[in-house]
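S.K.: The structure under discussion is supplied below as structure tokens; questions concerning it will follow.
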Ligand SMILES: NC(=O)c1ccc[n+]([C@@H]2O[C@H](COP(=O)([O-])OP(=O)(O)OC[C@H]3O[C@@H](n4cnc5c(N)ncnc54)[C@H](O)[C@@H]3O)[C@@H](O)[C@H]2O)c1
Ligand SMILES: [Fe+2]
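Residue numbers (the working numbering): 122 to 1014.
Right, dumping it as structure tokens:
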């Protein structure tokens, strides 16, 4: 075993180099090797507990041998027991499901600073922690506790090396000096300082520039209330106070006793060996305990009678503690200081609350962050909580001696056994807990790329086909009251009768609300909810386009949860699963049926609703799967009456839903098929539906399904920046939603279709820029031809232009009726709002605000139209090809 004598800087440097080599080697040891070294070192320290205790008392002249034996016993046996099976080397944790692995590595060389009050036990404690964590440790003993500290370190070193640890794994300075301890703390090879000691030393550790865990002083107050077990309380305090003659930093410095039991407590103290000083004696003792605002070194760890003697007061030799009945707290009252001796201040307080106030003051005066103690009936949960909430101390202990309680694991469970008790930032420390092995390790976290669970959520029931409505509605048999939400034109068209006829046959009472206007408002919702409150429906039937369906969803929400706050409901989120707002559950009062009469929004199957607060003009897009209807009835009979323009706009809306969902970062195997089918149906049937009107029943039917199918896709894959921009263009200039999308989609496709976007959207499932490939796949699905992805994207854009022309959609925002002046006046604000729209997050390309602005300008001025005329020919070819494919597929549908 190697030992070097260190008395000067040169020798110190030589030691550090040896220790460094030792630690480098020790860092490679396995958990088994380390555990055996830890065990043998603990046994050796334990074996020497009496000899080391005697040496400590001889060296320092403080404390009591028998009590130091307990501390040495504790710091070897309890520490071993606590960490014997704890993993501290290599892999600590390996969670395959979440892809997280935690690996422990030693910090390196630890500098151990040891106090005079607990020199041997602290040395044992720190060196065992260091060994368990594959660190080396070098001690700087207190000059007054040099011999015993070195002996303790040597004992651990010998046993460790014998058990296989490298030589020099524990080191120390033989002739401590301020210069050498500074060298130690500032040395570049020291990774961490573990400092226990007076405030000056702890401050020096923190100022050294080396990472440090230093712990501060305390001024532990005890409170005894009128419900406490008085005999137990008094004996506990006496035991704690006399332990090592009061040197433990956690021991009680004062006791505040509730007046009702004050005399009883005082008598119990006297009966158990305490001495209550008379006022004159108190004055004399006060003079010797604190000198110039500091505890007098001559009284630290001395027996009570010696302290009395020093003050010229005679007390029996067996006196356990000197008690001073005092009232003040602060510099004027020496007994209110931390005294590290068997002297105790005693305060009479009116009641429990005043006792707590007193304790708060004492902690503030002398020991922020350390320890406080309460004696009360264990059943007094309120008092324990109150005390805990008021005390700014790292340890708040209840019904136990503070010295033995705060060091953990003797009078309590799961408070880590330790001789280094953190006082948190309150005490100017880096930790507030009891220092333990975790503080001596660097833990590396290996986090693997993992994808979160995805989902596919749609209404439980989606009924479709001509004539589905009356059959599906029969399922409502057994319900009592139906609230039908629709708009005036649909009511006038007699559509509600189709519903009420069925309700009458199955015996469901009903009420009709037909006041929803396009772009529904909160005041309309509130009006309806009032009616619902008195009618108490158990089913809500939304009949109409997006407006009545969205309005009815919000009515459902407000009817079931009147307390819901709009601002919070509409808060945008990065990830719908991690949103801050907890959306209330729906369905406890009413079942929700959605019956679309337009072929576009998909609202009958989506978790979205848009509502405008007419008092502010703010549009709230609300999204949560709770808003998904329970039943959707997709009956094409109801869309035969759609005017041509509505057919065109809502049809394009459905197309854009499907395209955006297909290229979204959330698109999945479950949504892509639906999106492609919807796109195909729109291309094939929208012009026919537009031109043919009610006559073309087949086209109307296909378009109706296309909208619902696209709805299911975007209900789960969400949308993109085209919708973000359409929302703001729509609300700024009253451009109908479908039209706004139609004006923007081609710009967005061209913008997204880049293999080198300025910014890719961050979503784990979206591995690399795929938008161009995905648009090309849409083109393939439509049979548009093309040899390269770029060509295919262009052909898709051309096909969309062709489609738009067929259904009479203007080419530019300007052609749609927005004046140049108005457009440019709103452009900046619109761009920023579109950037912040909820739909932006799922777009495959993460847009810059300036890019959005450019897209708006292009869509306004029609940059693209010029290019397309060049491609005219190929569009026609494609159209022909498509017609062929369509002809063959037609029969199958
Ligand atoms: N929740 C969603 O997922 C979602 C998606 C897109 C749009 N929206 C919202 O939907 C609303 C637009 O919905 P919309 O386009 O369906 O229009 P709409 O519901 O506002 O209806 C427009 C007009 O068409 C009439 N109409 C509806 N069906 C008819 C029919 N079969 N015959 C004759 N006239 C009929 C209505 O009476 C109304 O006057 C907007 O508020 C938009 O924000 C919601
Ligand atoms: Fe839409």
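Built from N, CA and C at the ideal position, the CB exists for glycine as well. Please read all numbers here as calculations on a predicted model, not as lab measurements.
Is any heavy atom in ligand 1 found nearer than 7 angstroms to the beta carbon of residue 730?
M.R.: One-based indexing of the chain shown puts residue 730 at position 609. Checking every heavy atom of ligand 1 against the Cβ of residue 730, one is found closer than 7 angstroms.
S.K.: To the nearest angstrom, how far is the alpha carbon of residue 448 from that of residue 460?
M.R.: In the chain shown, the residue the question calls residue 448 occupies position 327. In the chain shown, the residue the question calls residue 460 occupies position 339. Looking at the two C-alpha atoms, the distance is approximately 17 angstroms.
S.K.: Cβ of residue 956 within 8 angstroms of Cβ of residue 973?
M.R.: On the chain shown, residue 956 is found 835 positions in, with the first residue counted as 1. On the chain shown, residue 973 is found 852 positions in, with the first residue counted as 1. Against a cut-off of 8 angstroms, the Cβ pair of residue 973 and residue 956 comes out as a contact.
S.K.: With a threshold of 7 angstroms (Cβ to nearest heavy atom), would residue 89 be considered close to ligand 1?
M.R.: As shown, the chain starts at 122 and ends at 1014. That puts residue 89 outside it, with no answer to give.
S.K.: Under DSSP, the beta strand (DSSP E) around residue 635 begins and ends at which residues?
M.R.: The count along the chain shown starts at 1 and reaches residue 635 at position 514. Its beta strand (DSSP E) spans residues 630-637.
S.K.: Could you tell me whether the Cβ atoms of residue 661 and residue 713 are closer together than 8 angstroms?
M.R.: What you label residue 661 is simply residue 540 of the chain shown in a count that begins at 1. What you label residue 713 is simply residue 592 of the chain shown in a count that begins at 1. Yes; because the gap between Cβ atoms is below 8 angstroms, this pair is in contact.
S.K.: If you compare alpha carbons, which of 611, 597 and 619 is closest to residue 628?
M.R.: The residue you call residue 628 lines up with position 507 of the chain shown. The candidate whose alpha carbon is nearest that of residue 628 is 597.
S.K.: For residue 163 and residue 279, which I take to be in contact (beta-carbon distance under 8 angstroms), what is that distance rounded to the nearest angstrom?
M.R.: Your numbering for residue 163 matches position 42 in the chain shown. Your numbering for residue 279 matches position 158 in the chain shown. About 13 angstroms; that fails the 8 angstroms criterion.
S.K.: On a Cα-Cα basis, can you pick out the residue from 791, 894, 784 and 874 that is closest to residue 963?
M.R.: Counting from 1 along the chain shown, the entry for residue 963 is found at position 842. Of 791, 894, 784 and 874, the residue nearest in Cα terms is 784.
S.K.: What does a CB cutoff of less than 6 angstroms around residue 980 pick up in its chain, not counting 5 residues either side in sequence?
M.R.: Numbered from 1 along the chain shown, position 859 holds the residue referred to as residue 980. Here the set comprises 864, 865, 868 and 934.
S.K.: Suppose you measure from the CA of residue 132 to the CA of residue 403; what does that come to, to the nearest Å?
M.R.: Indexing the chain shown from 1 puts residue 132 at position 11. Indexing the chain shown from 1 puts residue 403 at position 282. In a straight line, the C-alpha of residue 132 is about 51 angstroms away from that of residue 403.
S.K.: For a quick check, are the C-beta atoms of residue 264 and residue 143 less than 8 angstroms apart?
M.R.: By 1-based counting over the chain shown, the position of residue 264 is 143. By 1-based counting over the chain shown, the position of residue 143 is 22. Going by C-beta atoms, residue 264 is not nearer than 8 angstroms to residue 143.
S.K.: Is residue 78 helix, strand or coil when you go by DSSP?
M.R.: What the structure shows of the chain is the stretch from 122 to 1014, and residue 78 is not part of that stretch, so it cannot be assessed.
S.K.: Is residue 878 buried or exposed, if buried means 16 or more other CB atoms sit within 10 Å of its CB?
M.R.: Residue numbering aside, residue 878 sits at position 757 when the chain shown is read from its first letter. Buried is the call here.
S.K.: Could you give the uninterrupted runs of the beta strand (DSSP E) lying entirely in the region 537-591, keeping only those of 3 residues or more?
M.R.: Listed in chain order, the complete beta strand (DSSP E) runs (minimum 3 residues) inside the region 537-591 are 562-568 and 582-585.
S.K.: Starting from residue 290, trace the beta strand (DSSP E) in both directions and tell me its first and last residue.
M.R.: Residue mapping note: residue 290 aligns to position 169 of the chain shown, counting from 1. Premise fails: residue 290 is in no beta strand (DSSP E) and is neither H nor E.
S.K.: I'd like to confirm the pairing. Which residues does DSSP put opposite residue 752 in its beta bridges?
M.R.: Stepping through the chain shown from its first residue, residue 752 is reached at position 631. In the DSSP output, where bridge partners are listed per residue, residue 752 has 582 and 714.
S.K.: Here's a check: name, in chain order, each residue in its chain whose Cβ is nearer than 6 angstroms to the Cβ of residue 970, leaving out the five neighbours to either side.
M.R.: By 1-based counting over the chain shown, the position of residue 970 is 849. So the list reads 952, 953 and 956, once near-sequence residues are dropped.
S.K.: Should residue 756 be counted as a contact of ligand 4 given a C-beta to heavy atom distance under 7 angstroms?
M.R.: This structure lacks ligand 4; the ligands present are ligand 1 and ligand 2.
S.K.: Strictly by DSSP, which residues pair up with residue 729?
M.R.: Counted from its first residue, the chain shown places residue 729 at position 608. DSSP, once it has assigned bridges, lists 744 as partnering residue 729.
S.K.: With burial defined as no fewer than 16 other Cβ atoms inside 10 Å of the residue's Cβ, what is the status of residue 928: buried or exposed?
M.R.: Here residue 928 refers to the residue found at position 807 when the chain shown is read from its first residue. The residue in question, residue 928, is buried, as its Cβ has 16 or more Cβ neighbours within 10 Å.
S.K.: In its own chain, which residues sit with a C-beta less than 7 angstroms from the C-beta of residue 546, not counting the 5 before and 5 after it?
M.R.: Here residue 546 refers to the residue found at position 425 when the chain shown is read from its first residue. So the list is empty, once near-sequence residues are dropped.
S.K.: Counting beta carbon pairs with one atom in the region 630-641 and one in the region 770-782, are three or more of them shorter than 8 angstroms?
M.R.: Contact fails: fewer than three Cβ-Cβ distances are below 8 angstroms.
S.K.: Could you say which of 356, 431 and 217 lies nearest to residue 345 if we only look at CA atoms?
M.R.: The count along the chain shown starts at 1 and reaches residue 345 at position 224. Residue 356 is the option with its Cα nearest to residue 345.
S.K.: Buried or exposed for residue 764, going by 16 or more other Cβ atoms inside 10 Å?
M.R.: Start at 1 with the first residue of the chain shown, and residue 764 comes out as number 643. The residue in question, residue 764, is exposed, as its Cβ has fewer than 16 Cβ neighbours within 10 Å.
S.K.: Please say whether residue 762 and residue 828 have beta carbons closer to each other than 8 angstroms?
M.R.: Taking the first residue of the chain shown as 1, we reach residue 828 at position 707. Taking the first residue of the chain shown as 1, we reach residue 762 at position 641. Not in contact: residue 828 and residue 762 (Cβ atoms no closer than 8 angstroms).
S.K.: Could you check if residue 1001 is buried or exposed, using at least 16 other CB atoms within 10 Å of its CB as the buried criterion?
M.R.: Mapped onto the chain shown, residue 1001 falls at position 880. Because the pLDDT at residue 1001 is just 45, under 50, the model does not fix this residue reliably, and the value given afterwards should be weighed accordingly. Residue 1001 comes out exposed.
S.K.: When you compare only the Cα positions, how much space is there between residue 421 and residue 367?
M.R.: Within the chain shown, the letter at position 300 stands for residue 421. Within the chain shown, the letter at position 246 stands for residue 367. Distance between the alpha carbons of residue 421 and residue 367 is about 8 angstroms.
S.K.: What three-state label does DSSP hand residue 233 in the structure shown?
M.R.: For this step, residue 233 is matched to residue 112 along the chain shown. Residue state, collapsed to three classes: strand.
S.K.: Whole alpha helix (DSSP H) runs in the region 406-435 with 4 or more residues, listed along the chain?
M.R.: Fully enclosed alpha helix (DSSP H) runs of 4 or longer: 425-431.
S.K.: Would you check if the region 739-753 and the region 782-800 touch, i.e. whether three or more CB-CB distances between them fall below 8 angstroms?
M.R.: No contact exists between the region 782-800 and the region 739-753.
S.K.: So residue 439 is in the alpha helix (DSSP H); what residue range does that whole segment cover?
M.R.: By 1-based counting over the chain shown, the position of residue 439 is 318. From DSSP, residue 439 is part of no alpha helix (DSSP H); its letter is neither H nor E.
S.K.: At a threshold of 7 angstroms, does residue 763 count as lining ligand 1 (C-beta to nearest heavy atom)?
M.R.: For the purposes of this step, residue 763 is identified with residue 642 of the chain shown, where counting begins at 1. It does: the Cβ of residue 763 is within 7 angstroms (strictly closer) of some heavy atom of ligand 1.
S.K.: Just grab the DSSP bridge partners of residue 313 for me.
M.R.: Within the chain shown, numbered from 1, the residue matching residue 313 stands at position 192. Partner(s): 231.
S.K.: Please report the straight-line C-alpha distance between residue 782 and residue 150, rounded to a whole angstrom.
M.R.: On the chain shown, position 661 is the one that residue 782 refers to. On the chain shown, position 29 is the one that residue 150 refers to. C-alpha separation (whole angstroms): 54 angstroms.
S.K.: Which residues mark the beginning and the end of the alpha helix (DSSP H) in which residue 918 is found?
M.R.: Taking the chain shown and counting its residues from 1, the one referred to as residue 918 is at position 797. Run containing residue 918: 910-927, per the alpha helix (DSSP H) assignment.
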